[in-house]
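Chemist: Below you'll find the structure I mean.
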Amino acid sequence: MVDFLLPPRCAACGERIHDHGHLCATCWPALSPIAQPFCEGCGLPFEHAGEAEDGMLCGACYANPPGFDWARAAVLYDDLGKKLVLTLKHGGEGAAVPVLARMMASAVAGRDAVDLILPVPLHPRRLLKRRFNQSLLLAEAVGRQAGLQVDRFSLVRRKATPSQGPLGRKARSANMAGAFAVTEKGKESLKGRHVLLIDDVMTTGATTSACARVLKRAGALSVGVLVFARVAQPVG
Ligand SMILES: [Zn+2]
Ligand SMILES: [Zn+2]
Numbered sequence: 094m095v096d097f098l099l100p101p102r103c104a105a106c107g108e109r110i111h112d113h114g115h116l117c118a119t120c121w122p123a124l125s126p127i128a129q130p131f132c133e134g135c136g137l138p139f140e141h142a143g144e145a146e147d148g149m150l151c152g153a154c155y156a157n158p159p160g161f162d163w164a165r166a167a168v169l170y171d172d173l174g175k176k177l178v179l180t181l182k183h184g185g186e187g188a189a190v191p192v193l194a195r196m197m198a199s200a201v202a203g204r205d206a207v208d209l210i211l212p213v214p215l216h217p218r219r220l221l222k223r224r225f226n227q228s229l230l231l232a233e234a235v236g237r238q239a240g241l242q243v244d245r246f247s248l249v250r251r252k253a254t255p256s257q258g259p260l261g262r263k264a265r266s267a268n269m270a271g272a273f274a275v276t277e278k279g280k281e282s283l284k285g286r287h288v289l290l291i292d293d294v295m296t297t298g299a300t301t302s303a304c305a306r307v308l309k310r311a312g313a314l315s316v317g318v319l320v321f322a323r324v325a326q327p328v329g
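Numbering (this note's numbering), first residue to last: 94 to 329.
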């Protein structure tokens, strides 16, 4: 409520704007939306249009297929993408959520094989420190826009995994082993469902891959991933 009493501001730079839930006229065109052609597996944009045909995978997805079936990102994790993610992480339940969620929802518009949305969970200790899970905020907003149910309880984080930064691919997946689990009740609700997993950023894909493997083991038919921003590097 309080949000709507305050003058609307750009979620990226704080500039005064006309309506809530938007970016200013300078920031909006500065974003790097991800459009076709991109890898059908991980959403990595291909550099040259001529490179790709429909349903084509990038080299990394051929060599080491990720745990999820497909992934999409709304924008590249460049300076502005990063700024918006930081606003989301540090700005509480603030104004960035509807802007980011709208871009995410349009990145998966037209995909019919989704019937349940799940956020990537935070470890309880981290949740306590941060007070909210930014992926859950995005999941709820995307769920509202797409008219899909959000399941915030089935997938849990058992291990607070340290930063993945400097680790190699093998070490990252070892680091993630056992980090996520599905609750007993969750197994019932996931059975036979086409799940859409939501996170704010995709860097190596190790987190979302680990979640997807656990969800599939628990009975999910397919797992797609939707993030706000992704780095322009192959996953894995
Ligand atoms: Zn702005
Ligand atoms: Zn790929």
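A virtual CB, placed ideally from N, CA and C, is assigned to each residue, including glycine.
1) Suppose the cutoff is 6 Å on Cβ atoms and the five residues either side in sequence are ignored; what does the same chain contact list for Gly285 look like?
2) Taking just the CA atoms, how far does Lys182 sit from Pro217?
3) Would you list the one or two residues that DSSP bridges to Phe273?
4) Nearest-angstrom Cα distance between Glu122 and Glu281?
5) Take Leu319 as the anchor and find which of Met197, Leu169, Leu124 and Leu221 has the nearest alpha-carbon.
6) Does the region 219-235 come close enough to the region 192-211 to have 3 or more Cβ pairs within less than 8 Å?
7) Does ligand 2 have even one heavy atom less than 8 Å from the beta-carbon of Leu215?
8) Hey, out of Ala264, Arg224, Arg250 and Asp208, whose CA is closest to Arg237's CA?
9) Under the rule that 16 or more other beta-carbon atoms within 10 Å means buried, what is Gly160, buried or exposed?
10) Go ahead and pull the three-state DSSP assignment for Met94.
11) Going by DSSP, what residues sit across from His287 in a beta bridge?
12) Excluding the 5 residues flanking Gly134 on each side, which residues of the same chain have their C-beta closer than 6 Å to its C-beta?
13) Taking the C-alpha atoms as reference points, what is the distance between Leu177 and Pro212?
14) Tell me the DSSP secondary structure of Pro126 in three-state form.
15) Does at least one heavy atom of ligand 1 sit under 8 Å from the Cβ of Leu179?
16) In the structure shown, what three-state DSSP assignment does Met165 receive?
17) Taking the beta carbon of Met94 as the centre, do at least 16 other beta carbons fall within 10 Å, making it buried, or is it exposed?
18) Using the three-state DSSP reduction, which class does Asp208 fall into: helix, strand or coil?
19) Between Ile291, Cys132, Gln227 and Gly298, which has its C-alpha nearest Leu179's C-alpha?
20) Relative to the alpha-carbon of Gly329, which residue among Lys222, Val288, Thr119 and Thr300 has its alpha-carbon at the smallest distance?
21) Might you give, ordered along the chain, the residues of its own chain that have their beta carbon closer than 7 Å to the beta carbon of Arg250, omitting 5 neighbours on each side?
22) Under a three-way DSSP split, which group does Ala322 fall into?
Modeler: This is what the structure holds:
1) Leu314
2) 16 Å
3) Arg250
4) The sequence as given places Pro at residue 122; Glu does not occur at that position. Approximately 44 Å, taken between the alpha carbons.
5) Met197
6) yes
7) no
8) Asp208
9) buried
10) The pLDDT assigned to Met94 is 47, lower than 50, so where the model puts this residue is not dependable; a value taken from the coordinates is nonetheless given after this. Correct three-state label for Met94: coil.
11) Ser315
12) Leu150 and Cys154
13) 18 Å
14) strand
15) no
16) One detail in the question is off: residue 165 reads as Arg in this sequence, not Met. Arg165: strand per DSSP, three-state reduction.
17) Low confidence applies to Met94: its pLDDT is 47, below 50, so where it sits in the model is not reliable, and the reading given next is rough at best. With fewer than 16 other Cβ atoms within 10 Å, it is exposed.
18) coil
19) Gln227
20) Thr300
21) Pro214, Leu215, His216, Ala272 and Phe273
22) strand
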